[in-house]
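In my numbering, the protein residues as written are 8 to 467.
Everything on this sheet refers to the single structure shown next.
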């Protein structure tokens, strides 16, 4: 009887631990709801455009595959680089203005991109191509402000009870945005073509602007800030009281590149982040070449399983771990993400592939939202935007570095012209596993240094 009672108490406490963070988040401000809704709309629009961009440049601007791929690279790499220079915008002019300016820039950019085929000749450096590039520039500039502003917004609009779940939801919603175009785009494209899909995304960008304008109104934002503790209110308002000269001096003194702990933290994550890049550089070719039958015939399903799993798992993992130390979660999460790579080193089987995808996704759900939280916490007051912007730079490097060697590994260990029994994919994934596992060990070895004199604001 006692055992049954103890089990009942444990189950009740576990259920409460899972549901309470969701309840806390549901009772947060209208402004935070507006931020999350805006992020879903923008995630859907961004991933929807990126997924069709190469085909758009093929069909409408008449670029070859190499040049079309380059244009996609200009957009994705350009966004990461623009965050380095524009991430501080939210720190200087505030959350609402930053979001409205960034979405307006993206609206102009997406409109120009969609209209570009009607501006005359086609081909490289034609008038259509130039207008398409101007459209990409608008998206790049807008997104460089938008994403750091959203991360900073979660910090501004959450407290010690809702911070972890706030970052987790933002990350989950981004992945939901990556999944939804697969449902929305095909029927629209079949009826109205790619340009029709792009016009839908232009309309969704307008919807995003209205969302910010009405849900993150000045009144709603001020109300959200009033519900925070006095210390958190002081942090939000402090920079607005400075003169321009004082702001410049403040930024020079606290610039992220002078923070060695911050630099170590973001760069030590590059090894485990290579697994993200392998999702599109290696997994599609691995699943189509190293497998026969169901997996190779349906490899797109396995390649795109990660985003929807992240959307489901991230809030659940955050709910179970919301009271855990952020840095410890980074160590454990990166280890859990890196470890299943060694399962693939056992050979290409359906079981090994599914174990890899599920366990890797659980690890990602454990550490990636906490990465956002840690960067926000380690940032000095009113420096969240620029810290978030520069925090993305290693991700830019990861995409470049991984792309330099992934093709060589595929050619040598998973070549297209050899039968599956003559491949050596086990060695490829073993090497990738040893690369990825560097991150958790690097975080563990630096733990004392990283935590020395550091007070976590949102830790209970």
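All C-beta atoms in this analysis are idealised placements derived from N, C-alpha and C, irrespective of residue type, glycine included.
Selected residue, minimal CA-CA separation from residue i, among the options
{"i": "residue 164", "options": "433, 329, 255, 103", "result": "103"}
{"i": "residue 360", "options": "86, 303, 202, 197", "result": "303"}
{"i": "residue 300", "options": "357, 54, 157", "result": "357"}
{"i": "residue 138", "options": "64, 377, 362", "result": "64"}
{"i": "residue 153", "options": "197, 395, 127, 227", "result": "395"}
{"i": "residue 41", "options": "157, 167, 287", "result": "157"}
{"i": "residue 255", "options": "390, 292, 37, 330", "result": "390"}
{"i": "residue 261", "options": "385, 329, 289, 288", "result": "385"}
{"i": "residue 228", "options": "270, 405, 324, 38", "result": "38"}
{"i": "residue 177", "options": "197, 69, 47, 281", "result": "47"}
{"i": "residue 222", "options": "44, 179, 111", "result": "44"}
Environment of residue i [buried if 16+ CB atoms lie within 10 Å]
{"i": "residue 416", "result": "buried"}
{"i": "residue 447", "result": "buried"}
{"i": "residue 135", "result": "buried"}
{"i": "residue 350", "result": "buried"}
{"i": "residue 168", "result": "buried"}
{"i": "residue 49", "result": "buried"}
{"i": "residue 418", "result": "exposed"}
{"i": "residue 98", "result": "buried"}
{"i": "residue 296", "result": "buried"}
For residue j and residue i, the rounded distance between their alpha carbons
{"i": "residue 352", "j": "residue 426", "result": "18 Å"}
{"i": "residue 400", "j": "residue 87", "result": "6 Å"}
{"i": "residue 449", "j": "residue 371", "result": "17 Å"}
{"i": "residue 322", "j": "residue 276", "result": "22 Å"}
{"i": "residue 94", "j": "residue 75", "result": "28 Å"}
{"i": "residue 326", "j": "residue 172", "result": "7 Å"}
{"i": "residue 159", "j": "residue 423", "result": "45 Å"}
{"i": "residue 373", "j": "residue 333", "result": "10 Å"}
{"i": "residue 329", "j": "residue 381", "result": "13 Å"}
{"i": "residue 200", "j": "residue 208", "result": "13 Å"}
{"i": "residue 319", "j": "residue 457", "result": "31 Å"}
{"i": "residue 324", "j": "residue 219", "result": "28 Å"}
{"i": "residue 283", "j": "residue 66", "result": "29 Å"}
{"i": "residue 315", "j": "residue 250", "result": "46 Å"}
{"i": "residue 368", "j": "residue 342", "result": "12 Å"}
{"i": "residue 428", "j": "residue 294", "result": "14 Å"}
{"i": "residue 405", "j": "residue 281", "result": "6 Å"}
Cβ neighbours of residue i in the same chain (closer than 6 Å, five flanking residues each side left out)
{"i": "residue 79", "result": "60, 61"}
{"i": "residue 312", "result": "364"}
{"i": "residue 366", "result": "347"}
{"i": "residue 174", "result": "161, 376, 379, 380"}
{"i": "residue 85", "result": "147"}
{"i": "residue 309", "result": "294"}
Nonlocal neighbours in the same chain, by C-beta distance under 8 Å from residue i, ignoring five residues either side
{"i": "residue 238", "result": "Below a pLDDT of 50, predicted positions are generally treated as unreliable, and residue 238, at 49, falls in that range; the measurement from the model is reported next regardless. Hits under 8 Å: none found."}
{"i": "residue 252", "result": "none"}
{"i": "residue 410", "result": "284, 288"}
Own chain residues within Cβ distance below 7 Å of residue i, not counting five before or after
{"i": "residue 142", "result": "116, 117, 119, 120, 123"}
{"i": "residue 144", "result": "116"}
{"i": "residue 393", "result": "94, 95, 98, 263"}
{"i": "residue 289", "result": "413, 417"}
{"i": "residue 354", "result": "433"}
{"i": "residue 195", "result": "203, 204, 207"}
With a cut-off of 8 Å, do at least 3 Cβ pairs link the region 437-447 to the region 111-130? no
For the region 330-349 and the region 214-226, state whether three or more C-beta atom pairs, one from each stretch, are separated by less than 8 Å. no
Could you tell me whether the region 185-197 touches the region 49-58, where touching means 3 or more Cβ pairs closer than 8 Å? yes
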